[in-house]
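Student: Attaching a single structure in structure tokens format; questions to follow.
2 protein chains.
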Amino acid sequence: MNEHESSSALLKAAGLRATQPRLRVLSILEDSTYPLSVADIASMLKRPSVDQVTVYRTLETFVQAGIVQHLELHQGRSYFELATREHHHHLVCRSCGRVEDVEGCEMDSMEKKVVKKSKHFSTVSSHALEFFGDCKTCVQTR
Amino acid sequence: MNEHESSSALLKAAGLRATQPRLRVLSILEDSTYPLSVADIASMLKRPSVDQVTVYRTLETFVQAGIVQHLELHQGRSYFELATREHHHHLVCRSCGRVEDVEGCEMDSMEKKVVKKSKHFSTVSSHALEFFGDCKTCVQTR
DNA sequence: TAGCACTTGCAAACGGTTTGCAAGTGCTAT
DNA sequence: ATAGCACTTGCAAACCGTTTGCAAGTGCTA
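Keeping their order, the protein sequence lines are chains A and B.
Going by the working numbering, the first sequence opens with residue 37, and the numbers climb by one from there.
Going by the working numbering, the second sequence opens with residue 37, and the numbers climb by one from there.
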């Protein structure tokens, strides 16, 4: 089974039609080692181009299907990465929005502590940890 | 020196005019034990009301002056809290956006590890850690 | 207390995201 | 293999939080 066929099977297993735009968006996410914004993805979809709206709808569909994870990392914009990736965190450039993965998470026990101390919450289902700094490119252009 | 006078002095020390809208926004932030959204603040400013635009500009001014901290916690919306508060994190309701403070941070050493392992970043200046769950009100209404 | 510079309110622009609707296209059953 | 239907896509326009331009208003200084 080649890459295209397995992506197609992945979509069908999730009850989704294996359309051209979906296969291409999925392939882009599979090839990336860091989360991508909608603009990133749309700009990679040329010849033939895919409408921005379709990208939004495709990603939302993938999120609902549990294939993709939605992140808010920078200035209220949406970023997406495959949900199959191991739990990790991100390093975000405050200036340009560049994102890099950070492996390793020592937070497993922390969630339990948090919910124990909370007044208004009875469950904590996830957490987000982002580090902010200036990437080497942006540091130079100051 | 009463509360109003000390707020006024705080603004002047930062090189800012102690205008009515600024004093009222500052007072609202001082009274809150958790971060507030722009909508939260604007809705508390009645009789006489303060324009949303003024709230945005006031908060931006406060951020520039180092009086207030800008947070992105939920669906790309802006939240603000006093910068003078001790470093802490937040617990955010995925459903309604309710925010609660989480005291204690064991992340001091983590930033150093992160920058050491990073390819593209040479400095990490801050981090954000948010926990997500369902607050007790939202759990009930499911 | 007069005058100026800074601040505010209003209207309109902005940019990322969402929605409505008609045209297009995978998939299923023949 | 193919016809038909339901789901998907593209386009245009709406949406909503936020920002900008500009004239009127108001703290602060002399």
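Beta carbons: idealized from backbone N, C-alpha and C, even for Gly.
1) Across which residues does DSSP place E166 (chain B) in a beta bridge pair?
2) Work out the CA separation of R121 (chain B) and A54 (chain B) for me, nearest whole Å.
3) Hey, quick one: how far does the alpha helix (DSSP H) through Q56 (chain B) stretch, first residue to last?
4) DSSP state of C171 (chain B), grouped into three classes?
5) When you compare only the Cα positions, how much space is there between F98 (chain A) and A164 (chain A)?
6) Which residues in chain B have a C-beta closer than 9 Å to the C-beta of V99 (chain A)? List them in chain order.
7) Exposed or buried, what is T159 (chain A) when buried is set at 16 or more other beta-carbons lying within 10 Å of its beta-carbon?
8) Would you grab the beta carbon distance between V89 (chain B) and Y115 (chain B) for me? Rounded to a whole angstrom, and I think it's under 8 Å.
9) Drop a sphere of 10 angstroms on the beta-carbon of H123 (chain A), count the other beta-carbons inside from all chains shown, and report buried for 16 or more, exposed for fewer.
10) How would you list, in chain order, the residues of chain A whose beta-carbon sits under 9 Å from the beta-carbon of F168 (chain B)?
11) Suppose you measure from the CA of C174 (chain B) to the CA of K152 (chain B); what does that come to, to the nearest Å?
12) If you compare alpha carbons, which of A:V104, A:S161, A:P57 is closest to K82 (chain A)?
13) Below 6 Å CB to CB, which residues in the same chain sit around L127 (chain B) once its five sequence neighbours on both sides are set aside?
14) Should E66 (chain B) be labelled buried (16 or more other beta-carbon atoms within 10 Å of its own) or exposed?
15) Interface residues of chain A around R121 (chain B) at Cβ under 8 Å?
16) Excluding the 5 residues flanking L95 (chain A) on each side, which residues of the same chain have their C-beta closer than 8 Å to its C-beta?
17) Output, in chain order, the set of chain B residues within a Cβ distance shorter than 9 Å of H156 (chain A).
18) Going by alpha carbons, who is nearest to F198 (chain A) out of B:V91, B:S43, B:R130, B:S145?
19) Is the beta carbon of A119 (chain B) less than 8 Å from the beta carbon of L52 (chain B)?
20) Do G133 (chain B) and H110 (chain B) have their C-beta atoms closer together than 8 Å?
21) Can you give the beta carbon distance from S43 (chain A) to L59 (chain A), rounded, assuming they're within the 8 Å contact cut?
22) From the beta carbon of V91 (chain A), is the nearest beta carbon of chain B less than 8 Å away?
23) Let's test the definition: count the other Cβ atoms within 10 Å of the Cβ of S145 (chain B) and tell me whether it reaches 16, buried, or not, exposed.
24) Count the other CB atoms, across all protein chains shown, that sit within 10 Å of the CB of R178 (chain B); report buried if there are 16 or more and exposed otherwise.
25) To be precise: take each residue of the stretch 103 to 115 of chain B, compare its Cβ to all Cβ atoms of chain A, and keep it if any distance is under 9 Å. Which residues remain?
26) Which residues of chain A have a Cβ atom closer than 9 Å to the Cβ of E147 (chain B), listed in chain order?
27) Considering only residues of the same chain and omitting the five flanking positions on each side of A50 (chain B), which have a CB-CB separation below 7 Å?
Tutor: Let me lay it out:
1) Taking the second sequence and counting its residues from 1, one reaches residue 166 (chain B) at position 130. Secondary-structure assignment with DSSP links E166 (chain B) through a beta bridge to A:A164, B:H126.
2) Within the second sequence, residue 54 (chain B) is the residue found at index 18, counting from 1. Within the second sequence, residue 121 (chain B) is the residue found at index 85, counting from 1. Rounded to whole angstroms, A54 (chain B) and R121 (chain B) show a C-alpha spacing of 21 Å.
3) Reading the second sequence from its first residue, position 20 is the one you call residue 56 (chain B). Taken as a continuous stretch (DSSP letters only), the alpha helix (DSSP H) holding Q56 (chain B) covers 56 to 67.
4) Residue 171 (chain B) sits at position 135 when you count from the first residue of the second sequence. Strand.
5) Position 62 of the first sequence, counted from the start, is the residue given in the question as residue 98 (chain A). Position 128 of the first sequence, counted from the start, is the residue given in the question as residue 164 (chain A). A direct Cα-Cα distance of roughly 20 Å separates F98 (chain A) from A164 (chain A).
6) Here residue 99 (chain A) corresponds to residue number 63 of the first sequence, with the count starting at 1. Within chain B, no residue comes near V99 (chain A); the closest Cβ sits about 13 Å away, beyond 9 Å.
7) For the purposes of this step, residue 159 (chain A) is taken as the residue at position 123 of the first sequence. Around the beta carbon of T159 (chain A), fewer than 16 other beta carbons lie within 10 angstroms, which makes this residue exposed.
8) Along the second sequence, read from residue 1 onward, the residue named residue 89 (chain B) stands at position 53. Along the second sequence, read from residue 1 onward, the residue named residue 115 (chain B) stands at position 79. Contact annotation, V89 (chain B) with Y115 (chain B): C-beta distance approximately 18 Å; criterion of less than 8 Å not satisfied.
9) Position 87 of the first sequence, counted from the start, is the residue given in the question as residue 123 (chain A). So H123 (chain A) counts as exposed.
10) To locate residue 168 (chain B), count along the second sequence from 1; it is residue 132. From the beta-carbon of F168 (chain B), the residues of chain A found nearer than 9 Å are V160, S161, S162, H163, A164.
11) The count along the second sequence starts at 1 and reaches residue 174 (chain B) at position 138. The count along the second sequence starts at 1 and reaches residue 152 (chain B) at position 116. Going by C-alpha positions, C174 (chain B) is about 41 Å away from K152 (chain B).
12) Here residue 82 (chain A) refers to the residue found at position 46 of the first sequence. Checked all of A:V104, A:S161, A:P57; the closest Cα to K82 (chain A) is A:P57.
13) One-based indexing of the second sequence puts residue 127 (chain B) at position 91. Excluding sequence neighbours, L127 (chain B) sits near E136, V138, F167.
14) On the second sequence, residue 66 (chain B) is found 30 positions in, with the first residue counted as 1. Under a 10 Å Cβ-count criterion, E66 (chain B) is classified as exposed, with fewer than 16 other Cβ atoms of the shown protein chains found around its own Cβ.
15) To locate residue 121 (chain B), count along the second sequence from 1; it is residue 85. Result: empty, since nearest Cβ-Cβ is about 17 Å, beyond 8 Å.
16) For the purposes of this step, residue 95 (chain A) is identified with residue 59 of the first sequence, where counting begins at 1. Contacts found: V61, V74, I77, V104, H106, S114, F116.
17) By 1-based counting over the first sequence, the position of residue 156 (chain A) is 120. What H156 (chain A) touches in chain B: L127, C129, R134, E136, C171, K172, T173.
18) Nothing in the structure corresponds to residue 198 (chain A), since chain A is present only between 37 and 178.
19) By 1-based counting over the second sequence, the position of residue 119 (chain B) is 83. By 1-based counting over the second sequence, the position of residue 52 (chain B) is 16. Result no, Cβ atoms of A119 (chain B) and L52 (chain B) do not sit closer than 8 Å.
20) Along the second sequence, one-based indexing puts residue 133 (chain B) at 97. Along the second sequence, one-based indexing puts residue 110 (chain B) at 74. Contact: yes.
21) As a working mapping, residue 43 (chain A) is identified with position 7 in the first sequence. As a working mapping, residue 59 (chain A) is identified with position 23 in the first sequence. Right, their Cβ atoms sit about 5 Å apart.
22) Along the first sequence, read from residue 1 onward, the residue named residue 91 (chain A) stands at position 55. Look at V91 (chain A): its C-beta is not under 8 Å from any C-beta on chain B.
23) Sequence index remark: in the second sequence, residue 145 (chain B) carries index 109 (1-based). When all chains shown are included, S145 (chain B) counts as exposed.
24) Here the question's residue 178 (chain B) lines up with position 142 in the second sequence. Legend: pLDDT at R178 (chain B) = 47, less than 50; position of this residue unreliable, no value from coordinates given.
25) From the stretch 103 to 115 of chain B, only E108, L109, H110, Q111, G112, R113, S114 have a Cβ closer than 9 Å to chain A.
26) Indexing the second sequence from 1 puts residue 147 (chain B) at position 111. Around E147 (chain B), the beta-carbon contacts reaching into chain A at under 9 Å are F167, G169.
27) Mapped onto the second sequence, residue 50 (chain B) falls at position 14. Contacts found: A101, I103.
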